[in-house]
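Numbering (this note's numbering), first residue to last: 190 to 339.
For each residue, glycine too, the CB sits at the ideal point set by N, CA and C.
Because the structure is a prediction, the values reported are computed rather than measured.
Structure below.
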């Protein structure tokens, strides 16, 4: 843990949604970054190889209309369970973005979609729109998957 991560509180985003599909079905969509433009209103495009250690470019359209991009590295990739990327400068501003899939009753899935921001600069970076963006993304994923199954 870096110096700035111990002294200053972080900011955390936590969302979850239940989807009428197996974790394998949800994973197939979530891990297919080339297809993000077809369903994802928040991470409108993700380029790069989905392989641990690889750098991605994530193009973001915030709910307030702002557009930005980040260049995280893929940290964990456990098929049908977890996709995690992270980036920034430890101690100054670092974000770790996590998608977790859990199987729940009747062949359904729970997607836990969260992010932790740490470092000295976190308190100065406006992160309020992220909750809304993740909720929009979760709902779009649910609609995309459940709509394809009907």
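Outcome for residue i when other beta-carbon atoms lying within 10 angstroms are tallied against a minimum of 16
| i | result |
| --- | --- |
| residue 328 | exposed |
| residue 214 | buried |
| residue 284 | buried |
| residue 268 | exposed |
| residue 249 | buried |
| residue 198 | exposed |
| residue 308 | buried |
Residue i and residue j closer than 8 Å at C-beta
| i | j | result |
| --- | --- | --- |
| residue 261 | residue 247 | yes |
| residue 218 | residue 323 | no |
| residue 230 | residue 325 | yes |
| residue 290 | residue 306 | no |
| residue 297 | residue 207 | yes |
| residue 282 | residue 311 | yes |
Local conformation of residue i per DSSP, three classes
| i | result |
| --- | --- |
| residue 248 | strand |
| residue 218 | helix |
| residue 270 | coil |
| residue 233 | strand |
| residue 223 | helix |
| residue 337 | helix |
| residue 417 | Lying before the first or after the last residue shown, residue 417 is absent from the chain, which here runs from 190 to 339. |
Residue i - partner residues in DSSP beta bridges
| i | result |
| --- | --- |
| residue 282 | 278 |
| residue 305 | 201, 285 |
| residue 260 | Answer is none; residue 260 lacks a bridge partner. |
| residue 298 | 208, 292 |
Near the ligand FAD: residue i beta-carbon under 7 Å from a heavy atom
| i | result |
| --- | --- |
| residue 215 | With respect to the ligand FAD, the structure offers nothing, as it holds no ligand at all. |
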